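Residue numbers (my numbering): 1100 to 1318.
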């Protein structure tokens, strides 16, 4: 009954339902990631556990999902369905592969830069949008995340484009972001631990900054 009600609401109010669903899923995913990284930080630091949940960071993730991620994916998936590889419906896997290739080349870099910029501005790491974009869109910053994301998202999106109906794709990809967000948070936790080690031992050579999630360490 609950699923039928949700699907009915998704059909009647697709954009607002996808935005609310993505916000909730992103918030849950970030809370999970924060819990994992909090446990890791306690073990690494060997001290008392700090408050593990940062509500501001979770709210930033949720607002990004509702304001940027869900609306852009809603229109992106619709455009892809109408215009990309439409004549290949008799070869669904080939059609899905063509859409994934375009998704990886166009939407993936946009979503990475948008997320980095949103979180960087929310955490006040950057003072203006121009400064923020000049850093987060730099090839040295974007490239490693795009490559790492390809290993996760290319097979995931093949499944999404091949098997998930159009109206359910934003929700499914939002759910997959629980895993991807956890990866980014874990990378950020590792970076924070290295910085703490350098702070304790100033003679230790400073590590190269992690390129893919440094904004999370400052959030």
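Just so it is clear, CB atoms sit at the ideal spot from N, CA and C, and this is done for glycine as well. Treat the numbers as computed from the prediction; the structure is a model and nothing was measured.
- Minimum Cα-Cα distance from residue 1118 among the listed residues 1258, 1170, 1152 and 1108 corresponds to 1170.
- Taking 8 Å as the cut-off, the Cβ atoms of residue 1197 and residue 1184 count as close.
- Boundaries of the alpha helix (DSSP H) harbouring residue 1212: 1207 to 1221, taken from the DSSP string.
- With contact defined as three or more Cβ pairs closer than 8 Å, the region 1149 to 1161 and the region 1240 to 1258 are not in contact.
- Take the alpha-carbon of residue 1214 and the one of residue 1231: they are about 11 Å apart.
- Restricting attention to 1212, 1218 and 1247, the CA atom closest to the CA of residue 1237 is found in 1212.
- Taking every protein chain shown into account, the CB of residue 1110 has fewer than 16 other CB atoms within 10 angstroms, so this residue is exposed.
- Taking residue 1192 as reference, the option from 1216, 1152 and 1253 with the minimal CA-CA separation is 1253.
- Counting the other Cβ atoms within 10 Å of the Cβ of residue 1136 gives 16 or more, which makes it buried.
- When DSSP states are grouped into helix, strand and coil, residue 1276 belongs to the helix group.
- When secondary structure is reduced to three states using DSSP, residue 1151 falls in the coil class, being assigned neither helix nor strand.
- Each residue's CA atom was taken as its position, placing residue 1130 and residue 1152 some 7 Å apart.
- For residue 1199, the enclosing alpha helix (DSSP H) has its first and last residue at 1191 to 1201.
- In the three-state scheme derived from DSSP, where H, G and I count as helix and E and B as strand, residue 1157 is classed as helix.
- In this structure, residue 1220 and residue 1228 form a Cβ contact; the two beta carbons are roughly 7 Å apart against a cut-off of 8 Å.
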